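Below: the structure, in structure tokens.
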Amino acid sequence: MSGFVSFLEEKFVPIAAKIGGQKHLLAIRDAFAGLMPLVLVGALAVLMNNVFFVPWSLLAGFIGGEHPFIVWANTNLAPLFGIMDSGTLSILALGLVFSVGYNRATYEKQDALSTSLINVAVFISLGALSRSQEVASWVGNYLAAQGIFVALLVGLITPEIYFYVVRKNWVIKMPDSVPPAVARGFSAVIPGFIAVFAWALVAYVFNVFAGASLFTWFETTISTSLMSLGQNIFSILLVSTLIPLLWFFGLHGANMLEAFMSPVYGTLGLMNIDLYKNGIRVVGSGADQLAVWVRGSWDAYVFAGGSGATLALIIAILLVSKRKQDREIAKLALPPGIFMINEPVLFGLPVVLNPIYFIPFILVQPVLTLVAYFATVAGIAGPIVNSVPWTTPPVLNAYLATNGSIGAAFIALLNVAIAFVIFLPFVYIANNQKD
3 MSGFVSFLEE KFVPIAAKIG GQKHLLAIRD AFAGLMPLVL VGALAVLMNN VFFVPWSLLA
63 GFIGGEHPFI VWANTNLAPL FGIMDSGTLS ILALGLVFSV GYNRATYEKQ DALSTSLINV
123 AVFISLGALS RSQEVASWVG NYLAAQGIFV ALLVGLITPE IYFYVVRKNW VIKMPDSVPP
183 AVARGFSAVI PGFIAVFAWA LVAYVFNVFA GASLFTWFET TISTSLMSLG QNIFSILLVS
243 TLIPLLWFFG LHGANMLEAF MSPVYGTLGL MNIDLYKNGI RVVGSGADQL AVWVRGSWDA
303 YVFAGGSGAT LALIIAILLV SKRKQDREIA KLALPPGIFM INEPVLFGLP VVLNPIYFIP
363 FILVQPVLTL VAYFATVAGI AGPIVNSVPW TTPPVLNAYL ATNGSIGAAF IALLNVAIAF
423 VIFLPFVYIA NNQKD
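Per this note's numbering, the very first residue in the sequence shown carries number 3; after that it's consecutive.
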């Protein structure tokens, strides 16, 4: 075992660390993190409607959709929260293209505001040139989740054009007497013009020769393929395995893979929210069906106590460990573990680079993923149709994220029990180890 761990540490970790530190991937990761206020505010608005106010809400399921309160709330309160949704979840792609530009410029020590605004200008230009869609349709479809992949494309490429022109010094220079803010604005004119013109040319070519906007083409080709790949059980299991594998070597697995997880699984989650609020209840792989697995599925079913379902490990240590030091660490790690923070147990026990816990720590997430995936496919657990804070405790997370699915809460609780069983033998093994 130690030889295998040493091999991974020597060959795998440096590559993973290099990929995880790639500046474009970091920009994607941080850009999605920057969207969390919009996502959580919008998700809370959708949650309020789905739980209390609309005829298909959780409350309506108990008191009836024709109850006077539901009728009144659907008329007077639901539209208010719908407006909140329109200003948050419905403009996520626009927010993302700004956020990616901001983060890329920050890493390159360039003008972040100008870069971000040029990104937005390009994104809007691509929609404005569409010949195959009405403007209202484009706004309704592609400013939200469906436009995220184009937002990423624009967000990553446009800054490179902008930075190239700036580094070539093709900028308007103003006298020193001009205020810095005004000077920065003028210096961005030529780089901004070139970037917007380049994308306008691309959009025009697509409209003339493909008969569709870049948004439509991307959605019917690239986006669909990536979404299908994201729903493949083997892709899901690969992510579930890599996260704890990276963590075992002290690398933040979820953060390192977030640049892949958010564009694919985060987008699927946002689409689920949109489909659910429009009355879609069927789970499947079709265009108008709820996705089986989204970004929130890991939080709801797999990350019980954090990556590696370490809440179960903490419970096992508290119940059967004879090692005083481990028990003390488990006591300290329990409160943050309930809220999905597990650095105290990962580095305090430790789990990181501890050969005793290598097998269960790597094995537990794929097992829990399989249980939750097939429970969702079978209809035992409801699909994830809402975004809740990742610090929401296990079981409650699943219940809220599925809009009150008792089956989802049961599967989340079952997964904690399964993780406990997986960790238990290794806690007994640790009892026999000398300090």
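Positions of the beta carbon are idealized from the N, C-alpha and C atoms, including for glycine. Here the structure is a predicted model, which means the values were calculated and not measured.
Expected contact under 8 Å - CB spacing of L60 and A261 to nearest Å: Along the sequence shown, read from residue 1 onward, the residue named residue 60 stands at position 58. Along the sequence shown, read from residue 1 onward, the residue named residue 261 stands at position 259. Wrong, their Cβ atoms sit about 34 Å apart, outside the cutoff.
Contact belief for N52 with N405 at Cβ below 8 Å, rounded distance in angstroms: Along the sequence shown, one-based indexing puts residue 52 at 50. Along the sequence shown, one-based indexing puts residue 405 at 403. The pair is a contact, with the Cβ atoms about 5 Å apart (cut-off 8 Å).
Would you check if the distance between the CB atom of L355 and the CB atom of N417 is smaller than 9 Å? Indexing the sequence shown from 1 puts residue 355 at position 353. Indexing the sequence shown from 1 puts residue 417 at position 415. Not closer than 9 Å, so no.
Could you check if Y430 is buried or exposed, using at least 16 other CB atoms within 10 Å of its CB as the buried criterion? Translated into positions along the sequence shown, residue 430 becomes position 428. The residue in question, Y430, is exposed, as its Cβ has fewer than 16 Cβ neighbours within 10 Å.
On the DSSP letters alone, give me the boundaries of the alpha helix (DSSP H) that H26 sits inside. To locate residue 26, count along the sequence shown from 1; it is residue 24. That run of the alpha helix (DSSP H) goes K25 to G36.
Taking all protein chains shown into account, do 16 or more other C-beta atoms lie within 10 angstroms of the C-beta of I386, making it buried, or fewer, making it exposed? On the sequence shown, residue 386 is found 384 positions in, with the first residue counted as 1. Its Cβ being crowded by 16 or more others within 10 Å, I386 is buried.
Can you tell which of I413, V48, A383 and S92 has its C-alpha closest to the C-alpha of N76? The residue labelled residue 76 in the question sits at position 74 within the sequence shown. Out of I413, V48, A383 and S92, V48 has the C-alpha closest to the C-alpha of N76.
Alpha carbon to alpha carbon, what distance is there between N171 and L240? Reading the sequence shown from its first residue, position 238 is the one you call residue 240. Reading the sequence shown from its first residue, position 169 is the one you call residue 171. Computed Cα separation, rounded: 45 Å.
Which residues bound the alpha helix (DSSP H) around N257? Your numbering for residue 257 matches position 255 in the sequence shown. Residues G255 to M263.
For a test of the three-state rule: what should DSSP assign to L292, helix, strand or coil? Here the question's residue 292 lines up with position 290 in the sequence shown. Note: L292 maps to strand in three-state DSSP.
For S132, which three-state DSSP category applies? In the sequence shown, residue 132 corresponds to position 130, counting from 1. With a pLDDT of only 48 at S132, under 50, the local geometry of the prediction cannot be trusted, and no value is derived from it.
Give the straight-line distance between the Cα atoms of F55 and A80, rounded to the nearest whole angstrom. Locating residue 55 in the sequence shown gives position 53, where the first residue counts as 1. Locating residue 80 in the sequence shown gives position 78, where the first residue counts as 1. Cα to Cα, F55 sits roughly 6 Å from A80.
Buried or exposed (CB count within 10 angstroms, at least 16 for buried), E162: Counting from 1 along the sequence shown, the entry for residue 162 is found at position 160. It counts as exposed.
Please state whether the Cβ-Cβ distance between A153 and V102 is less than 9 Å. For this step, residue 153 is matched to residue 151 along the sequence shown. For this step, residue 102 is matched to residue 100 along the sequence shown. Yes; because the gap between Cβ atoms is below 9 Å, this pair is in contact.
With a threshold of 8 Å on Cβ separation, who are the neighbours of V43 within its own chain once the five nearest residues in sequence on each side are excluded? Residue numbering aside, residue 43 sits at position 41 when the sequence shown is read from its first letter. Here the set comprises M86 and T90.
Does the contact criterion of 3 or more C-beta pairs under 8 Å hold for the segment 237-254 versus the segment 360-380? yes
On the DSSP letters alone, give me the boundaries of the alpha helix (DSSP H) that M229 sits inside. As a position in the sequence shown, residue 229 is number 227, starting the count at 1. Element bounds for M229: T226 to G232.
Would you mind giving the Cβ-Cβ distance between S92 and A202, rounded to the nearest angstrom? I have them listed as a contact below 8 Å. Taking the sequence shown and counting its residues from 1, one reaches residue 92 at position 90. Taking the sequence shown and counting its residues from 1, one reaches residue 202 at position 200. 25 Å between Cβ atoms; not a contact.
Could you spell out the range, first to last residue, of the alpha helix (DSSP H) harbouring M2? Residue 2 lies beyond the range of the chain shown here (3 to 437); nothing can be said about it.
Where does V156 fall in DSSP's three states? Here residue 156 corresponds to residue number 154 of the sequence shown, with the count starting at 1. Note: V156 maps to helix in three-state DSSP.
Please return the same chain residues whose Cβ sits closer than 6 Å to the Cβ of P427, not counting the five positions on each side in sequence. Working through the sequence shown from its first residue, we reach residue 427 at position 425. Taken in chain order, the list of residues that qualify is empty.
Rounded distance between the beta-carbons of N121 and F100, thought under 8 Å: The residue given as residue 100 occupies position 98 in the sequence shown. The residue given as residue 121 occupies position 119 in the sequence shown. Rounded, the Cβ-Cβ distance is 6 Å, consistent with contact.
Examine the Cβ distances between the segment 248-255 and the segment 317-328 and report whether three or more of them are shorter than 8 Å. no
Which of helix, strand or coil DSSP assigns to V285: Along the sequence shown, one-based indexing puts residue 285 at 283. Three-state DSSP puts V285 in a strand.
Could you give the distance in angstroms between the alpha-carbon of N344 and the alpha-carbon of G308? Position 342 of the sequence shown, counted from the first residue, corresponds to residue 344. Position 306 of the sequence shown, counted from the first residue, corresponds to residue 308. About 5 Å.
Please classify G307: does DSSP put it in a helix, a strand, or coil? Mapped onto the sequence shown, residue 307 falls at position 305. Correct three-state label for G307: coil.
Comparing C-alpha positions only, which one of D276, N434 and G268 sits nearest to R325? Here residue 325 corresponds to residue number 323 of the sequence shown, with the count starting at 1. Among D276, N434 and G268, the Cα nearest to that of R325 is on N434.
Do the segment 328-345 and the segment 375-389 meet, that is, are 3 or more Cβ pairs less than 8 Å apart? no
Take P362 and list the residues in its own chain whose beta-carbon comes closer than 6 Å to its own, dropping the five residues that flank it on each side. Taking the sequence shown and counting its residues from 1, the one referred to as residue 362 is at position 360. Once the five neighbours on either side are set aside, the close Cβ partners of P362 are I424, F425 and F428.
From what residue to what residue does the alpha helix (DSSP H) around F55 run? On the sequence shown, position 53 is the one that residue 55 refers to. Neither: F55 is in no alpha helix (DSSP H) and is coded neither H nor E.
Counting along the chain, where does the alpha helix (DSSP H) carrying M273 start and finish? Taking the sequence shown and counting its residues from 1, the one referred to as residue 273 is at position 271. Element bounds for M273: T269 to K279.
Nearest to I30 (by Cα), restricted to the options T108, P57, F83 and E12: Against the sequence shown, residue 30 aligns to sequence position 28. Comparing Cα positions, the closest option is T108.
Selected residue, minimal CA-CA separation from R169, among D113, A62 and M176: Stepping through the sequence shown from its first residue, residue 169 is reached at position 167. It is D113 whose Cα lies nearest to the Cα of R169.
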